[in-house]
Structures are given as structure tokens and as C-alpha cells.
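Trainee: Dumping the structure here so I can ask a few things about it.
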Amino acid sequence: MVGIASYGAYIPWHRMERGLLAKAWGGFAIPGEKAVASYDEDSLTMAVEAARDCLSGLDSQPVDGLFFASTTSPYKEKQCSAIVAMPLDLRRDIRTADITTSLRSGTTAMALALDSIKAGTANSFLVTAADSRLGAPGGMLEQSLGDGAASVLLSNKDVIARVSASYSISDELAGNWRAYGDTFVRSWDDRMVLDESYSKVLPEAISGLMKKCGLKAKDFAKVVFDPPTDLRRHARVAAELGFATSQVQDPVNLFMNVGITGSAMALMMLVSALEEAKPGDRIMFAGYGNGADAFVLEVTDDIERLGKRRGIKGCLDTKRMLDNYQTYLRWRDIVPMEEARRPEKRHLSLSAIWRERRVILGLWGIKCRRCGTPQYDYGAMSTTPIRVCAVCQAQDDFDDYNFSGKKGTIFSYTQDNLAPVADPPATVVMIDFEDGGRSFFDLADRDPAEVKVGMGVEMTFRKMHFDRGLSNYFWKARPVR
Amino acid sequence: MPGSIKDRVAIVGMGCTKFGELWEKGPSDLIVEAVNEAYADAGVEAKDIQAVWVGTQFHYGGRSVSEPLRLQYKPVTRVENACASGTEAVRGAAYAVAAGIYDVCLAVGFEKLKDEAMSGLPGMQNLTGTYFASTMPGCFAIMATRYFDRYGLSPEEGKTMLARISVKSHHNGSLNPKAHLRREITVEQVLNAPIIAWPLGLFDCCGVSDGAAAAVITRADMARKFRPDPVYIKALQICTSPTSGRITTEFDYTHVEEAYRAGVAAYAEAGVKNPRKEISMAEVHDCFSITEALTMEDLQFSARGRVKEDIEAGVFKLDGELPVQPDGGLKCFGHPIGASGIRMIYEMYLQLQGKADKRQIKNPKLGLTHNMGNEPYAPTVSIAIVGL
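Here it is in C-alpha cells:
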């Protein structure tokens, strides 16, 4: 049986009222709020967080492949899934690829991963999709787009939802696009796009798949598919396909709290549906963008055995509202800021980063075999790799020890106004990990007023800085979310 | 058993520039000025100097002093131990003399920081870009957070304790014509100043300055040929961190172990049994107010967790039981990295010779300097004790 074995999601902690955007530029305010990736988040880090959620409680070693899907990959040339594999601790002998540029790259990645499993080249395949698309200031897309990620683990065993059939349509229309050099999404007249593409292509894929399987709308517990920015059109398409309102996975919750999340949107809606699904439910699932991919899912008894994950619900439960538009402009690098009178950042050394890739990207430290002390060192000056135990001075007598899943407590901290950061003050914490080991980290996703000694923290994968086209990824602590 | 430096070498001449934002002066101005003063004070000329040690963090090589002074083919060694580089130059010169290799050596420390057009100091980055965002004030602020938490001080109580340290140093600095910052301040001003790195505010941080200082060092048995009141080195100790406190949970972060250990070793070397009673005065590395507070405990001037009482009792004021930072300290004299360790000894030297003018401490016997390099979880601490 081939299908989905696990799921996970990620929604940034920061949200912004759409009304703030309308207030800044005038015009109509779309109701609700949008999720805003922090200054240290991008599609790659959000994809990692969703995939970590997906793999929580599971062993990552059996995973045979990884697809990273996004239209906002940090690189035009350089594979991102090779980076994503490191914090997830995936094996080296796996197939990795980035599925990019299409708004349905999330569902396309899922289709390709399923084919891989059916073909026998993989037993399990991880797909993680994320987007952080920008609408130009003052436009409706600036309000309607949001940031988020979702991940599914496809497998041929322990399946919570069998994928019994799939069907794809290819369709050419430049409804939305970004060329090289474009920062903001461009789009054609949305009335034409809705009439001639969205309202025709999705029904073509969904009805085509139902015909292929000999199923009718009434045979499904749920239908889950991408909404356009005008949600009314989503409902109309569902109705025209013969689905009752009660069968439709309503996009309104995600739209009102997160926004349209590009290549992650359909998968995020699917995660929402799976959070409510019961054994025996049949789900029609489709992603849209220059055509469509449709799947028939059959939920199995195993869904009740899948451990609790943060998912969409857990992510929506915690948030902090941005109370100003300037912060958003700064975080998305839309306005140039005055440079601080502080030392310029050094250029990154790729040889040093490559040498320490497990330490930096995987948060791997050591545990001394003699004294049992776990130790992590991010490489201050001349201290990596760890060759001598800091406690008993044993040399090279260590086991590998991973800190990424460890919780910790704040041992001490400062709120640094001198440090040049995009979200001042720089909250720097010294944390003690729950089973031993201590390190300094930046504290992400915090309210400075709430930080105190003894506060519980967990680790999160973030972007540290950007140097000559290179995004530099590492871990930060954040208050337990 | 290691040997002892006690009474084997003497300082017979010293010089120190005014510290500050010396926009009109270049590095060679600073070096020539400090060295000329030291030469004149010792009654020597360049040709009498047999070897030179220079402490600087940001200027490379022995040429950093041989060029501006046009030293004629002398042995010159540049040493660097971050903010403790100045004391390192004195150590190099003192040990070479004590070893019997040279009779007359020069130690120089200098830094020209203000050409960098930045707040604070350069540095604090690694090649992998994984360094947390915090600055030097942030690294030391973490000690204050910890200290307040451990000893149950509210932020107000803790910040007031620290404010008194800066108020005292500003008073001393106001009496010192060579100091960078010469204005008296009040506790209220300190508490109301902008926060740099919580809980440290503007007045908890030392000045970033240009400056140079120099010392002429000779064999003890020759010292009186140069002057009637040479100052003898009683102890020179240095302790460098294994930097374990950054990665293991054993370290309390409310003290600097290296300062404690260097202090214990220096007291043993100098024969000091009761530091609080026997040390007449001290210049310590008050890069931040919290550093001075913890250093009082590390040097055994105050009991652990009790420095607040001594600060409130005025123990460390100029007219107190154990005056600390009589010249204004790093806080007000300023902190041109490589110069600071020698500047501290310069003040002890002046005080011992009775030349400290309005800052003169009555009849001092032993002066201690405490010079600290790098972050408080990874420091090198150099301690010198000098006396007549």
C-alpha cells in the first residue's frame, strides 16, 4: 500500500493584520491576517520546520528521498534539498531534488515521490513545500499572500492515507509569474485567469480523476484543493463539481490566519484535513498552477496511531501580532536601512562551513565516553571540531550527540541594542540543554519583555545572514512554542 | 616549582599619552609621545634600550613600533592577548630582564581605535557565520543578569549597585587630565541612560579610545642608578581560560575563575596574605561596571555575593579603605586595547612615587593591576603587583 505515512506543517509565529497594509497605502482592507516569516526565516527554513514536524516521533534513517518544493527557493543555482537533509539527519544515499517555479510544485513533488515508491526505487520519500512570496507594496497580493510550509512523508508501509490514484493536467497560461530579477509577483487580469484557467483546469483534473476511478462526488468525505485569492471562486468550483458545502475543506481558516502560501497551500489544507480525518474517509486532493495534480486518498486505521504533531492547529495556536508595517518592510528587505556603525560582517568561508556541516546544519555535538558530558560547540574561534573534552580532557573518545531535538532553559541572557539586527534588541541567551551541554544562541520568536532566566526553549532552524548570494543557515533557540 | 619575579626587575621610567578620541593624532604620534615620556622619566635614550615588547591587538608585527620610532635594528616582539596585551608586553620585557638576557628593555602598548568609525570594538565573528548577534557589552551583560538572579537583586537594586561603580570612576576621571572622560555623573544619570545591552546602560560601558603607554624595565640591582624611587614588580601572573564555561553547565557565570586563580597566584608570589588589608590600591579591568563588581570578589577584596555592601560603604572610593580605579579606570581614562595594561601600571607607579596630584592616595605600599582579555567565558587575566 502506497500513501502518506505522516504529515507536518509550519506557520511563522508572526502575523500581521491586513488592515495595517491598507492603512499604509490606502484602499480596501481584506479581512483577516497574514503569516509573516521572521527576518531569519525563508522558504528553506520553513520547509525544514514543517519536515521536522512531519518526522517527529519517527526515525529519519529509513527515508530514501527528499523533495523541497517552492517558488521562492533562496537559490537559482544550488540545490536546497541537500541543505534541508542536514537538519533532518537524512542518510547520504538518498535522492534529493528541488521542485521549483510552479505554484503546484508541492503536489507535483508528491506525485513524483509516489511514482518513485511505486517504481520500487524508494520505500519512503519526504516532501516538504514552503513559500514566502511577495506582493508589491500597495497591491492586493501584498495582503492576500502569506508564508507557511507543509510536509508529507510518502511510504509503502505504515500508511495513514493510501493514495489510490492520481491524475494531472498541464495547461499554459501566465496567470502569475516572476522572472529572474523580479522581487514581486506579477499577474494577469484575475477575472480572465479565474474564468479560463482556475475554474476550468481544476474541475478538469478532479472530474478526470473521478472518471478514471469510477467515483462520484458523493463518494468523498472531503475535497481539498487550492483556493485562488478570491475564495468565492473556490466554493463555486466545488459546487459545480457536485460537492456539498459539508464536503469541502474550507480554505477560509487558512486564508484568514495565514494567507495564500503558494506551493505549500494545497498541502497545508491537506494537513488540516488529515488532522480531522477518520479511518475510512476518502479524500479528493488537488493542487493548482499551470495545470493541476489530483489524488484520491483513502484514510486508514493507522491515522489513529500517528503521534500528535504541531501541525496547522498547533501553529495557529501561538502567534505574535506585528503592530507596524515598517517591521515587515525591513524583514522582507523591501526598504534599504542605514547601516549600523559596527564591524562589517566577515565573508563566509565555505570550506569551514563544509568541514563543520554536521555541527552547523545538523546541530551535532559530542558526548564524552569517559565523563558522559554532552558538549556542543558552534565554532567560536579555534574550538571546532571538539578534540578534547571540556570537563575531563579525554581526547577523541566521544560519541556523536544531537542537540536539535533537545529542549533547554535560559541560564542567562542579554537584550543587546548595540548589535545590528533586523529585529532589535538582539536577544542572546546562554542555554542549558535538558540532558547536559550549554551554548550561546540567538533567541528567535520572542517578546523581549517576556524573556527571563529559567524560561524553557527549543531549537529552530534559521537563516543567520546573507553574504555574496549565500544564505547562511544555523540554529537558534526560541521560547517553547 | 616555578620561579618568582618578585623584586627581580624594576620599572624606572613610564609614559602615557592622554587617552581619548584623538582625531588629530596618528599611531606614531601616540607611540613617540608615550615612549619619549618614559625615556625622559628614566633618563635613557633609544640607544640604551636593548629589546622591545609591544602589545597591540590590531597593529601587526614588531614594525608597529620600530617604524614610528625608527629603532635601529633592535629585537622587537609584538605580543597580543586581546585586551590584556599591554600587560603581556610588560611580562615579556620583565621576564627577559629577569632571565639575565637584557639589562634595559622597553614595553609599549598602544591602539588607534577611533579611525574605525564604529561604536565599540571590531571583532566577534567567526568564519562560519554562526556567532550569535551579541556584542562585547552583551557578553558581559550576561554576567550581570546571572549575578542579579543568583543573589536575588531586583533589576533596580542591581543596576544601582553598578551605577555607584561608574559614579566613583567618573569622579576619579574628573581629577585626571589625561583621562578620556572627565565629567562627574550621578546615579540618576546612570540609571536613566540608554540601555546598550540589558542590563548594562551607556554609563556601564568604558570609553573606546586612542592612546599609548610605555615602561622602561631594568634589573632590580641597577634600578637606583636610574632614579631614587624605582617601582619593583612583586608579582606577574597570567591565567588563560580553557573556555569550558561556554559549553558545560558547571560554570556559574557570576565570577571569573581565571581572575580568581591569577589573583591567588599573584598574592602567593608577592607574599600577600590578606589582599583586602595589604593591597593599597588597584586598577582593574572595568571594561563594564559588572566586570569591576565581580573582580572585587574574584580578587578577594569582597566576599562572594557581598560586593554591593562594600560599594555602598565606599570602600573602593579614592578616600576609601581600598581605592580602585584612582585614575578613572577603563571607564573614564579610556580603553585603547593594547595600552590599557601599561596604563594601569602607570597609575600605580605615579601613586607609589607620590606624583598622582589630586588623586594621590595616602602612603600606598602595594598596587595591583588586573588586565582581562576576551569574553568573560574565555578570558586571559593578567595580574601585576607593584611596590616600592
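Going down the list, the protein sequences come from chains A and B.
For the first sequence, the working numbering assigns the number 0 to the initial residue and increments by one for each residue that follows.
For the second sequence, the working numbering assigns the number 525 to the initial residue and increments by one for each residue that follows.
Positions of the beta carbon are idealized from the N, C-alpha and C atoms, including for glycine.
Closer than 7 Å between beta carbons: that is the criterion. Which residues of the stretch 636–653 of chain B meet it against chain A?
Mentor: The residues in question are A641, M642, S643, G644, P646, G647, Q649, N650, L651, T652, G653.
Trainee: Using the DSSP secondary-structure output, state which residues sit across from A739 (chain B) in a beta bridge.
Mentor: Its beta-bridge partners are B:M538, B:A631.
Trainee: Going by Cα to Cα distance, which pick from B:V600, B:T611, B:D639 is closest to Y626 (chain B)?
Mentor: The shortest Cα separation from Y626 (chain B) among B:V600, B:T611, B:D639 belongs to B:V600.
Trainee: Rounded to whole angstroms, how far is the Cβ of L347 (chain A) from the Cβ of L651 (chain B), which I believe are closer than 8 Å?
Mentor: Sure, about 7 Å apart at Cβ, within 8 Å.
Trainee: Could you check whether G852 (chain B) and G697 (chain B) sit closer than 7 Å to each other, using their CB atoms as the reference points?
Mentor: Cβ distance < 7 Å, so G697 (chain B) and G852 (chain B) count as in contact.
Trainee: Looking at chain B, is there any beta carbon in it that lies within less than 7 Å of the beta carbon of S470 (chain A)?
Mentor: S470 (chain A) does not count as touching chain B.
Trainee: Go ahead and label Y197 (chain A) buried or exposed: buried means 16 or more other beta carbons lie within 10 angstroms of its beta carbon, across all protein chains shown.
Mentor: By the 10 Å Cβ count, Y197 (chain A) comes out buried.
Trainee: Going by C-alpha to C-alpha distance, which of B:I909, B:Y563, B:A657, B:G537 sits closest to H464 (chain A)?
Mentor: Ranking the options by Cα distance to H464 (chain A), first place goes to B:A657.
Trainee: Where does N887 (chain B) land, buried or exposed, given buried means 16+ other C-beta within 10 angstroms?
Mentor: So N887 (chain B) counts as exposed.
Trainee: Bridge partners for A293 (chain A) per DSSP, in chain order?
Mentor: Its beta-bridge partners are A:Y166, A:A285.
Trainee: Locate the alpha helix (DSSP H) running through G682 (chain B), then write down its first and last residues.
Mentor: Segment 679–698, the alpha helix (DSSP H) holding G682 (chain B).
Trainee: Cβ closer than 7 Å: which chain B residues qualify as neighbours of M463 (chain A)?
Mentor: G653, T654, listed in chain order.
Trainee: Between the stretch 571–583 of chain B and the stretch 629–645 of chain B, do three or more beta carbon pairs fall short of 8 Å?
Mentor: With the cut-off at 8 Å, the stretch 571–583 of chain B and the stretch 629–645 of chain B touch.
Trainee: Going along the chain, which residues of its own chain have a beta-carbon closer than 6 Å to the beta-carbon of L874 (chain B), five neighbours each way excluded?
Mentor: So the qualifying residues of the chain are A880.
Trainee: Could you name the residues of the same chain whose beta carbon sits closer than 7 Å to that of R386 (chain A), not counting the 5 residues immediately before and after it, in chain order?
Mentor: The residues are Q394, D395.
Trainee: Closer than 7 Å between beta carbons: that is the criterion. Which residues of the stretch 658–671 of chain B meet it against chain A?
Mentor: Within the stretch 658–671 of chain B, the qualifying residues are S658, T659, P661, G662, A665, I666, T669, R670.
Trainee: Between the beta-carbon of W330 (chain A) and the beta-carbon of A425 (chain A), is there less than 7 Å?
Mentor: No, Cβ-Cβ distance for W330 (chain A) and A425 (chain A) is not below 7 Å.
Trainee: Write down the C-beta distance between A721 (chain B) and N416 (chain A) rounded to the nearest angstrom, noting that I regard them as a contact closer than 8 Å.
Mentor: Yes, A721 (chain B) and N416 (chain A) are in contact; Cβ-Cβ is about 7 Å, under 8 Å.
Trainee: Helix, strand or coil: which one does DSSP assign to T611 (chain B)?
Mentor: Three-state DSSP puts T611 (chain B) in a helix.
Trainee: Which residues does DSSP pair with H894 (chain B) in a beta bridge?
Mentor: Partner(s): B:I907.
Trainee: Find the residues of chain B that neighbour N416 (chain A), judging by a C-beta separation of less than 7 Å, and give them in chain order.
Mentor: Those are I719, I720, A721, listed as they occur along chain B.
Trainee: Comparing C-alpha positions only, which one of A:A50, A:E195, A:E76, A:M191 sits nearest to G67 (chain A)?
Mentor: Checking the sequence shown, residue 67 (chain A) turns out to be Phe, not Gly. Answer by Cα proximity: A:A50.
Trainee: Can you check whether the CB of S826 (chain B) is closer than 7 Å to the CB of M820 (chain B)?
Mentor: Closer than 7 Å, so yes.
Trainee: Whole angstroms are fine: how far does the CA of G105 (chain A) sit from the CA of I98 (chain A)?
Mentor: I98 (chain A) and G105 (chain A): Cα-Cα distance of roughly 8 Å.
Trainee: Are the beta-carbon atoms belonging to P86 (chain A) and F460 (chain A) less than 7 Å from one another?
Mentor: Going by C-beta atoms, P86 (chain A) is nearer than 7 Å to F460 (chain A).
Trainee: Kindly indicate which residue of A:V222, A:T44, A:F124, A:A418 has the alpha-carbon position closest to the one of G644 (chain B).
Mentor: With distances taken between Cα atoms, G644 (chain B) lies closest to A:A418.
Trainee: Would you give the residue range spanned by the alpha helix (DSSP H) that M820 (chain B) belongs to?
Mentor: Element bounds for M820 (chain B): 813–822.
Trainee: Measure the alpha-carbon distance for K451 (chain A) versus G310 (chain A) and round it to whole angstroms.
Mentor: Between K451 (chain A) and G310 (chain A), the C-alpha separation is close to 28 Å.
Trainee: T767 (chain B) touches chain A at which residues, Cβ-Cβ below 7 Å?
Mentor: In chain order: T382.
Trainee: Counting only Cβ pairs nearer than 7 Å, list the residues of chain A close to I771 (chain B).
Mentor: Chain A residues near I771 (chain B): Q374, Y375, D376, A389, G436, R437, S438.
Trainee: Would you say L347 (chain A) reaches chain B, if we count a Cβ-Cβ gap shorter than 7 Å as a contact?
Mentor: Judged by the 7 Å Cβ criterion, L347 (chain A) is in contact with chain B.
Trainee: Drop a sphere of 10 angstroms on the beta-carbon of P30 (chain A), count the other beta-carbons inside from all chains shown, and report buried for 16 or more, exposed for fewer.
Mentor: Under this definition P30 (chain A) is an exposed residue.
Trainee: Identify whether Q875 (chain B) lies in helix, strand or coil by the three-state DSSP scheme.
Mentor: Residue state, collapsed to three classes: helix.
Trainee: Taking Cβ-Cβ distances shorter than 7 Å, what residues in chain A pair up with D673 (chain B)?
Mentor: Chain A residues near D673 (chain B): V452.
Trainee: Considering only the alpha carbon of each residue, which of A:G18, A:E343, A:D441, A:G207 lies closest to Y377 (chain A)?
Mentor: Here the closest residue by C-alpha is A:D441.
Trainee: DSSP state of E642 (chain B), grouped into three classes?
Mentor: Before going further, note that residue 642 (chain B) is Met rather than Glu in the sequence given. In this structure, M642 (chain B) counts as coil in the three-state DSSP scheme.
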